[in-house]
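Engineer:
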Amino acid sequence: MHINSYTHSAEWFERATEVIPGGIYGHLGPAEGCFMPVSAYPLFSERADGAYFWDVDGNRFIDYMCAYGPNILGYNDPDVDAAVAAQMKRANVVVTPSTQLVELAELMVDTIAMADWAFFAKNGGDTTTFAIMVARAATGRDKILLHKGGYHGVAGWTQKDGYPGVTSADVSNNIYVDFGDINAVKAAVAEHRGEIACFMSTPYHHPVFEDNQVPPEGYWQQVREICTQEGIVLAIDDVRAGFRLDVAGSDHYYGFKADLSCYCKALANGWNISALCGTDELKDAAASVMYTGSYWLSAVPMAAAQACITKMREIDSAATCLATGTKLTTGLAERGAAHGFDLVISGEPSMWFMRTASFEGIDDPNYVLHQAWVAECVKRGVFFTNHHNLFINTAMTDDDVQFTLDVADEAFRVVRSNARNLIGK
Amino acid sequence: MTEVPVDQITLARVNLNAILRTLEKLPELDETTAALVEGGQETIQFTAPRAATVRLAIGGGKITHHRGRGPNTIHLTFPAPSMVNAMFDGTGNPVPVKGFRKLDYLKGPFTDITDRLSYFLKPTDELLADDAYRDANAILTLYVAVYALAEIANSDPKGKLSAERMADGDIVIGIEGGESLTLVARGGKLSVTTEAPTNKRASMIFATLEAAGAVLRGEMASYTAIGRDLLKLSGYVPLLDNMNKILGLVPVYLGEE
């Protein structure tokens, strides 16, 4: 198999370091712990199409990060792009909003089971912060209940005390419980009765660096009941999982109804828009909060979102991604087992998490084997990250899955030859 | 720009446990220091209530750093942690309680030794033009930074928050094929050993001594070094992630901000 080299990526990175802090910042950057070793990874892309992207060295990758989620229908989806092109000829950012705003809100309300209204912004973090503000406006309470390790963006309240730029005051109203521990939820609510404005959570637990957890049977139903009894707004951060479990919302998938739901990523197949959906009870509170941004009413991403949602409904994107993910992850685990590796798959198949837990019965709790195997896959054109959940899109075909399994097989074979040395056993 | 507040107790611990401990490495790298420590043994105890008590044994060709009180020939006390810091920045003096007749040693050979460390830790463009100096600067800066990291993790309010989030395990920090130190995380506290790890869970390895020096001197951002594959991270990332949060506080205490 062809082994990639990244000469031009390195050259562009050098240029970037001259004028950009860190060269590439944030989650797409090489310093965030998702690209290990960095030498295995491309740093800049040149073009993309369907399930694939090509880097600036001409290497092709099947993208199992899907741009960290937005790519749900495949890059350059013709239906979404046609809607974008049509709206671009009309207008984008104007002093009054386009009617795309209304049509998109109507479509969201028609699509998302819990939604009576929709409010649009740009990034997932815009909507999680807005959800907290709406909950506080509605309840007059300060505190928020969160699951430990849950990711809700980068605003101060979502981070940890002691992190650069984060003050104790930023997180002083946060209460944390373990995901799936209903007794911990009950205890926290009892201890802070009448103080908690919002319980925010992802629909299932998909942190980085650890196995993902689907909710225990009945967990959400009990949480829903507690929140209703205690007057706590239940907000689901569906930014990452939205449309990959159920086009009607991940709360719908797990059989409960959220009061607020946050969407972004897959909403417009890569066009920049996010949404907070809510129930009628919270509509006035949402209207009362001053919350806006320069580009939040831009019409082109709204046109993209409408085309994307319409297509996701037509083809049932969630069912497609779940089926492809099941086929792929089953195959990956089988390839690993054939070489003596225990590849542990967790979370939902459409956005699974994986780690190489052991080799021939020898545990590797430090991810060294996994980092080595992922690196060999990336060098052969399968773009995985080490410790983040991965994503499926609807453009991926059976041939793509087979190509991935072939690469995975060879990568396991390569790592096997050095596995004991890597784990020091 | 406004300076980040420095906790005086933490700074005193950095001075006593990181700066002084780095002296251990100096005779290996500097012939002048090696000559200064050839003579008979002197053991200086530094006692700073609320900060640290350490002893520095100098003689027989080496310098060794010891935590806690013990046999000594010279005993200096610092009633307040800020007095430790004043001595290290040259604006104050300790109170000698033992070894009055050895004040000449403190003002003479000991000062000469600490001046040599300052010489290597405070580079100029002219000095860095010399390869041997560059190498010594990189190694000593690595040592002082890692030693300081552990002190900050155990004492600074923000450092403690990150340290408490660290799982038990050893992180190897070093230079490929060269110097390395082991940062040991146990029960939310950090320590440093020059021994090989017993429970290695992660590593942060500079590709070359040159790269280490460039990052540690602030000539190259660590993010840039990672992107250039000159600083290689491996293993259990949550350990590295929290360690890096503490590493970000090191320049605050070593006066590099």
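Chains R and U supply the protein sequences, listed in that same order.
Numbers 7 to 431, taken from the numbering used here, label the letters of the first sequence in order.
Numbers 239 to 495, taken from the numbering used here, label the letters of the second sequence in order.
Ideal Cβ placement from N, Cα and C applies to all residues, glycine included.
All of these numbers come straight from a predicted model, not from anything done at the bench.
If contact is defined by three or more beta carbon pairs under 8 Å, each pair taking one atom from either stretch, is the stretch 47 to 67 of chain R in contact with the stretch 76 to 88 of chain R?
Structural biologist: Yes: the two stretches touch, three or more of their Cβ pairs being nearer than 8 Å.
Engineer: In this structure, does DSSP put H33/R in helix, strand or coil?
Structural biologist: DSSP places H33/R in helix when its eight states are reduced to three.
Engineer: Return the chain-ordered list of same chain residues with a C-beta closer than 7 Å to the C-beta of A144/R, the five sequence neighbours on each side being excluded.
Structural biologist: V239, L288 and A291.
Engineer: Just list the beta strand (DSSP E) runs in the stretch 404 to 458 of chain U, keeping only unbroken ones of 3 residues or longer that don't cross its boundaries, in chain order.
Structural biologist: Here the runs fully enclosed are 407 to 413, 418 to 424, 427 to 431 and 438 to 444.
Engineer: Sort D404/R, E320/R, D370/R and N189/R by Cα distance to T117/R and report the nearest one.
Structural biologist: T117/R has its Cα closest to that of E320/R, out of D404/R, E320/R, D370/R and N189/R.
Engineer: When DSSP builds the beta bridges, which residues end up paired with Y12/R?
Structural biologist: Bridge partners of Y12/R: none, in fact.
Engineer: Can you give me the C-alpha to C-alpha distance between L411/R and I398/R, rounded to a whole angstrom?
Structural biologist: Approximately 14 Å, taken between the alpha carbons.
Engineer: Name the DSSP beta bridge partners of G276/R, please?
Structural biologist: Beta-bridge pairing links G276/R to no other residue.
Engineer: Is it buried or exposed for T208/R, if we count other Cβ within 10 angstroms and need 16 for buried?
Structural biologist: Classification for T208/R: buried.
Engineer: I'd like to know if Y170/R contacts chain U, where contact means its C-beta is closer than 9 Å to some C-beta of that chain.
Structural biologist: Residue 170/R is actually Pro in this sequence, not Tyr. It does; some Cβ of chain U falls within 9 Å.
Engineer: Could you check what DSSP says for Y58/R in three-state terms: helix, strand or coil?
Structural biologist: In this structure, Y58/R counts as strand in the three-state DSSP scheme.
Engineer: Where does T298/R sit, in a helix, a strand or coil, going by DSSP?
Structural biologist: Of the three classes helix, strand and coil, the one that applies to T298/R here is coil, per DSSP.
Engineer: Under 9 Å between C-beta atoms, does A459/U make it to chain R?
Structural biologist: Answer yes: the Cβ-Cβ gap between A459/U and chain R drops below 9 Å somewhere.
Engineer: Can you tell me whether F205/R is helix, strand or coil according to DSSP?
Structural biologist: Reduced to three states, the DSSP call for F205/R is strand.
Engineer: Look up D290/R in the DSSP assignment and say whether it is helix, strand or coil.
Structural biologist: Helix at D290/R.
Engineer: How would you write the range of the alpha helix (DSSP H) that I484/U sits in, first residue to last?
Structural biologist: Here the alpha helix (DSSP H) through I484/U covers V475 to L485.
Engineer: Quick one: Cα of I279/R to Cα of G171/R, how far?
Structural biologist: Rounded to whole angstroms, I279/R to G171/R spans 26 Å at the Cα level.
Engineer: Spatial neighbours of H198/R within its chain, please: CB distance less than 7 Å, with the 5 preceding and 5 following residues excluded, ordered by chain position.
Structural biologist: Counting only Cβ-Cβ distances below 7 Å, and skipping sequence neighbours, we find K149 and I181.
Engineer: Alpha carbon to alpha carbon, how far is E495/U from G299/R?
Structural biologist: Unreliable placement is indicated for E495/U, whose pLDDT of 45 sits below 50; the coordinate value is still reported in the next sentence. Answer to the nearest angstrom: the Cα atoms are 35 Å apart.
Engineer: Select from A290/U, V275/U, L341/U and D268/U the residue whose C-alpha is nearest the C-alpha of E389/U.
Structural biologist: Comparing Cα positions, the closest option is A290/U.
Engineer: For N372/R, which residues in chain U fall below 8 Å Cβ to Cβ?
Structural biologist: Under the 8 Å cutoff, chain U gives G407, K438, R439, A440, G473 and Y474.
Engineer: Can you tell me which of the three DSSP states L355/U falls into?
Structural biologist: Looking at L355/U - three-state DSSP - the assignment turns out to be helix.
Engineer: Between which two residues does the alpha helix (DSSP H) carrying T332/R extend?
Structural biologist: S323 to A344 is the span of the alpha helix (DSSP H), which, as asked, contains T332/R.
Engineer: Measure the alpha-carbon distance for M360/R versus K263/U and round it to whole angstroms.
Structural biologist: Roughly 43 Å separates the two Cα atoms.
Engineer: Compute the distance between the beta-carbons of P213/R and G186/R, then report whether it is under 9 Å.
Structural biologist: Their beta carbons are not under 9 Å apart, which means P213/R does not touch G186/R by this criterion.
Engineer: Run through the DSSP bridge pairs and tell me what S364/R is partnered with.
Structural biologist: DSSP output for S364/R lists D348/R and D369/R as bridge partner(s).
Engineer: Give me the Cα-Cα distance between G297/U and A440/U, rounded to the nearest whole angstrom.
Structural biologist: One C-alpha to the other measures close to 36 Å.
Engineer: Go ahead and label N255/U buried or exposed: buried means 16 or more other beta carbons lie within 10 angstroms of its beta carbon, across all protein chains shown.
Structural biologist: Label assigned to N255/U: buried.
Engineer: Under the assumption that P307/R contacts L328/R (Cβ atoms under 8 Å), give the Cβ distance between them as a whole number of angstroms.
Structural biologist: In fact, because the Cβ distance is near 26 Å, the residues do not count as touching under 8 Å.
Engineer: Determine, using beta-carbon pairs with one atom in the stretch 467 to 481 of chain U and one in the stretch 405 to 419 of chain U, whether at least three such pairs fall under 8 Å.
Structural biologist: Contact between the stretch 467 to 481 of chain U and the stretch 405 to 419 of chain U is present, because at least three Cβ pairs lie under 8 Å.
Engineer: Hey, could you find the ends of the alpha helix (DSSP H) L240/R is sitting in?
Structural biologist: Element bounds for L240/R: not the alpha helix (DSSP H) but the beta strand (DSSP E), V239 to D243.
Engineer: Quick check on R305/U: does DSSP put it in helix, strand or coil?
Structural biologist: If DSSP states are grouped into helix, strand and coil, R305/U belongs with the strands.
Engineer: Go to V384/U, then tell me how far its alpha helix (DSSP H) extends in each direction, as first and last residue.
Structural biologist: It spans D369 to S393 - the alpha helix (DSSP H) in which V384/U sits, taken as one unbroken run.
Engineer: Of the choices E280/U, G416/U, E402/U and A445/U, whose alpha-carbon is the least far from that of G426/U?
Structural biologist: The candidate whose alpha carbon is nearest that of G426/U is E402/U.
Engineer: With distance defined between alpha-carbon atoms, name the residue in Y381/U, L294/U and R288/U nearest to P319/U.
Structural biologist: Ranking Y381/U, L294/U and R288/U by Cα distance to P319/U puts R288/U first.
Engineer: At 4 residues or longer, and completely inside the stretch 372 to 407 of chain R: list those alpha helix (DSSP H) runs for me, N to C.
Structural biologist: The stretch 372 to 407 of chain R contains these whole alpha helix (DSSP H) runs: 374 to 385.
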